[in-house]
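Quick notes on the structure that follows.
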Amino acid sequence: MNKSELIRSVANNTRHTQKEVEEILDEAIGEIIDLTTVMNERVLIKSFGAFEPVHREKREMVNPRTREKVITRERRTFKFVVSKTLNNKL
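Okay, here's the thing in structure tokens:
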């Protein structure tokens, strides 16, 4: 399922238009990204999972095609941790 299919499905199951659902989804995703990457906060969605900020140090890697050693840059990102409830349903 992609984003447009998700929007269509939610709109069909609620009293909201696809446009309204898309705006709400975009705002929610934007807020999660802002909180985890900019504000460095954990975002917990009960029975779904948590988005956690992660600091990645720079490190040396090998390019698999050229076998050249490359140093990655230091960066902040986030990871998703599945809740036990959702994991048990899988």
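Note that the sequence shown covers residues 13 to 102 in the working numbering. Note that the Cβ used here is the ideal one computed from N, Cα and C, for glycine as well. Please read these numbers as outputs of a predicted model, since none were measured by experiment.
By the 10 Å Cβ neighbour count, where 16 or more other Cβ atoms means buried, how is residue 19 classified, buried or exposed? Taking the sequence shown and counting its residues from 1, one reaches residue 19 at position 7. It counts as buried.
Mark residue 74 as exposed unless 16 or more other C-beta atoms lie within 10 angstroms of its C-beta, in which case mark it buried. The residue labelled residue 74 in the question sits at position 62 within the sequence shown. By the neighbour-count rule (16 or more Cβ atoms within 10 Å), residue 74 is not buried but exposed.
Say whether the segment 79-87 touches the segment 49-62, bearing in mind that this needs 3 or more beta-carbon pairs closer than 8 angstroms, one atom from each stretch. no
Below 7 angstroms, is the gap between the Cβ of residue 96 and the nearest heavy atom of the ligand GDP? You won't find the ligand GDP in this model; it holds no ligand whatsoever.
Start and end residues, beta strand (DSSP E) containing residue 31: As a first step, residue 31 is located in the sequence shown; it is residue number 19 there, counting from the start. Per DSSP, residue 31 belongs to no beta strand (DSSP E); it is in the alpha helix (DSSP H), 30-45.
Pair within 8 angstroms by beta-carbon distance, residue 60 and residue 98: What you label residue 60 is simply residue 48 of the sequence shown in a count that begins at 1. What you label residue 98 is simply residue 86 of the sequence shown in a count that begins at 1. Yes. Within cutoff.
Is DSSP giving residue 88 helix, strand or coil here? Sequence index remark: in the sequence shown, residue 88 carries index 76 (1-based). Three-state result, residue 88: strand.
In the structure shown, what three-state DSSP assignment does residue 102 receive? Here residue 102 refers to the residue found at position 90 of the sequence shown. Three-state result, residue 102: coil.
Please say whether residue 65 and residue 87 have beta carbons closer to each other than 8 angstroms? Taking the sequence shown and counting its residues from 1, one reaches residue 87 at position 75. Taking the sequence shown and counting its residues from 1, one reaches residue 65 at position 53. Taking 8 angstroms as the Cβ cut-off, residue 87 and residue 65 do not qualify as a contacting pair.
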